[in-house]
Structure formats: C-alpha cells, structure tokens
Amino acid sequence: MQFCISWQTPKPELFLAPALFNYTNKELLSSMITRDIQLTAQALWEGEVVAIPTETVYGLAACINNESAIHKIFEIKNRPLTNPLIVHTDSIGSVEKLVTWFPPMARKLAEHCWPGPLTMVLPRSNRVSSLVTSGSANVAIRIPKHPVALQLLKKVEIPLAAPSANPFGSVSPTSASHVNNYFGKQLKYVLDGGPCEEGIESTIVGFDNTNVIVYRLGSVSFESLKELVPDVKLKNYDHSNQTRMPGMHLKHYATGTPFIVTDSIKQQLDLMNYAKVGLLLFSHTIDHPSVKHVEILSRNGNMKEAASNLYAAMHRLDQSGVDIIIAEALPENGPGLAINDRLRRASL
Ligand code: TXA
Ligand code: MG
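Here the sequence shown stands for residues 1 to 348, where the numbers follow our numbering.
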C-alpha cells in the first residue's frame, strides 16, 4: 500500500519546546523534544520508549518485539498489565502478518479508514506477544495518519505498541510539551509532530462474527461507521468490573482539578459556591463573577474543531489554578458523542 507523505523531514537539529523556556531549571528534568526521525528510530531499536505524534493523541511507543521495552511502557504510564496496548503499523500487508483472521468487514473498514483513527481488534498471530495484548487472544491495531508517525514506522520496520502518552487515567496529550510535562526525563525522546489534528483517540471496533461493535467512540464518528456498516452497534459501558472490556474504565481522561459536566452552565454556576471557576465551553462564553478562566472549543460551533482543541483546553484549565472546572456537554451527534464520552469520564 502506498501512502502519500507530504511531510518534509526537517534537518535533524534538536530543539526545546517553548514551554520549557519558562522553567529555567526544568531543562535538566526534560526529555529531548526532537524532530529527528532517524534518532528516534535508533532509540526504538535500542529498546527505548519514546513518545511519538499521531493524528489523534501522542503515544508512548516501543517495538513490539522487545518485551523489556513493552514492560517499560506499562511502568512509565503506571498502567495495569491487564490493560492491553494498541499496535501501530504502516500497511495492510503488515497488519495481515499480525492477525490470523481479517474478515471482509474489517477489510472494508481498513480500505475506507486507514491510514486513520480507527483501531480494529482482531485475533493476534504469534508475532504479537501476549504482553502487548495483556494475555488476550486479540490484538488492537491501527495505521495512523500522521505523516511523521508513518515515516517513523517505515524507517523502524517493526510495528510499534503505543498507548496514549499520559499517566494512566489522566488527560491525553496532544502536543510534545504536554508529554514532556507529564514524563520529563523518563523519556529519552519526544518526537515532535506538532499539535494533533484530530485531538481525541481512535475509535475502537471489534468483530463478533459478522457484527461490528464499537468499544470506544473516538475520532471516526458513529455515523460515518454506520454508513459503511449499517448494523454497527455501540457496546454499552458495563458498570460491573467483572465483565468490563479492558480500556472501558469509567473514570478516565481526568484532570487533577475537580471536573463536572452539565447541559446548563448558567444553572450550575448559580447553584455553586466556588470562588474560582474554570469553564470549558463549546462556542459561546458566559459572564459570571466567579469565573476565572474560560476555554471555548470552537467559536464557529464546529465539532471537529472542538475535538481537536479539547485536551489542550483541559490541560490549560487544569494548570490555571481554578477550584473546579465546569464543562458544557456538546450536542449528542457526530464528534459530540465522543467528546461527551470523554467529558463524562473525566467527571466521574
Ligand atoms: O488514538 C489512539 O488510539 C491512541 C494513539 C496513540 O494511537 N492510543 C490510545 O491508546 O488511545 P490507549 O492505550 O490510551 O487506549 C487504547 C485502548 C485501551 O483502553 C485498551 O484497553 C484498548 O484500547 N485495547 C488495546 N488492546 C486491546 C485488545 N487487544 N482488546 C481490547 N481492547 C484493547
Ligand atoms: Mg489512553
């Protein structure tokens, strides 16, 4: 499969993210933010964990054939070993080697959505270790659309396991400096590919014979999947721990600051008695004496733009020193479904 890669590899010079210049002594505590794909590939071959850009969020990547590097991902993220990792690769040919079954429905979705933010859960071949899949017979796979990620995958020639590059349960990173703020020098390199265009994670689907089931809503909307696969079903989040799928943890994407989501910001503000409130709003602002920081996701009311801005806005609100963040629920359609899912899980 041919990919159109328009990204020009910049000169292999290294640079520090602008955010670091605010913290003189922090430089020593920082990972190296780089645009050098060769350097990053070298580190991966040597068994390092590095952060990589994708079109959804940044990932913490390691080669799938290096078990100690895969272990490091779980350690750095403080993620339970029972929560499996998504494998990233650069061609359908490579996906075929990693699975033992690639049903016609999966092929159809692959042809329409890859490279892109759709992850498919399929039976793993013996090229994928059970450490990556947390013991499951299935592996979650996607071909990302980010040109830097694709160039890196092509260079490394080994698929990369990569969960989102945030400590377990916290807000996902959509810029190299978000990753650096989380992990500092725990990572040798953060490969900078600029801000993530989609801004929320991939949509995850699985297959039950001929049925397609959505395990996680994400950057491919439910409506666009339905156009391709009319019978697609949304898996209900199960509130009992025993039967919940890995990754369907309810509390997730959470800020350190208390966070609530509401359909009526005005009513919520009138009900509460906080001195410093942060607002996460869709398209219009609201005046209120206790509001100290406001983030507007899309002034034009465009939900794709809102998704792309969501996590950066949550990071800024979290660092703004407010006592509570109140988020406005978006309309329940298109990208609004996935955004509301993240807002609700941040608020639990
Ligand atoms: O957009 C994304 O998907 C990003 C970028 C980096 O690709 N990755 C990401 O990874 O969001 P992570 O680990 O934060 O979320 C992946 C979810 C987890 O909840 C995990 O439990 C689930 O996918 N998952 C991974 N492998 C699975 C498997 N074999 N079966 C079922 N669920 C799986
Ligand atoms: Mg994650």
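For each residue, glycine too, the CB sits at the ideal point set by N, CA and C.
Problem set entry | Secondary structure of residue 345, DSSP reduced to three states | helix
For this session: Please classify residue 253: does DSSP put it in a helix, a strand, or coil?
Result: coil
Problem set entry | Identity of the residue in 166, 155, 32 and 136 nearest residue 60 by Cα | 166
Exercise. Under a Cβ-count criterion, where at least 16 other Cβ atoms within 10 Å of its own Cβ denotes burial, should residue 36 be classed as buried or exposed?
Worked result: buried
Exercise. Which residues in the same chain have their Cβ closer than 7 angstroms to the Cβ of residue 334, if we skip the five residues on either side of it in sequence?
Worked result: 221, 223 and 303
Problem set entry | contact_flag[the region 90 to 98, the region 175 to 191] where n(CB pairs < 8 angstroms) is 3 or more | no
Exercise. So the alpha helix (DSSP H) residue 182 belongs to, where does it begin and stop?
Worked result: 176 to 183
Exercise. Ligand 2: which residues have Cβ under 7 angstroms from any of its heavy atoms, chain order?
Worked result: 163, 164, 166, 172 and 201
For this session: Starting from residue 63, follow the alpha helix (DSSP H) in both directions and report where the run begins and ends.
Result: Segment 59 to 63 is the beta strand (DSSP E) holding residue 63; no alpha helix (DSSP H) there.
Exercise. How many angstroms separate the CA atom of residue 141 from the CA atom of residue 169?
Worked result: 21 angstroms
For this session: Kindly indicate the opening and closing residues of the alpha helix (DSSP H) around residue 98.
Result: 92 to 98
Exercise. Is residue 55 buried or exposed, if buried means 16 or more other CB atoms sit within 10 Å of its CB?
Worked result: buried
Exercise. Out of curiosity, what's the CA-to-CA distance linking residue 74 and residue 118?
Worked result: 23 angstroms
Exercise. What alpha helix (DSSP H) runs, 4 residues minimum, are completely inside the region 151 to 232?
Worked result: 176 to 183 and 222 to 228
Exercise. Mind checking whether the beta-carbon of residue 40 lies closer than 7 angstroms to any heavy atom of ligand 1?
Worked result: no
For this session: Name, in chain order, the residues that DSSP records as bridge partners for residue 328.
Result: 262
For this session: Using the Cα positions of residue 328 and residue 269, report the straight-line distance between them to the nearest angstrom.
Result: 12 angstroms
Problem set entry | residue 339 versus 326, 51, 218 and 99, residue with shortest Cα-Cα distance | 218
For this session: Could you check the C-alpha separation between residue 44 and residue 34 for me, to the nearest Å?
Result: 14 angstroms
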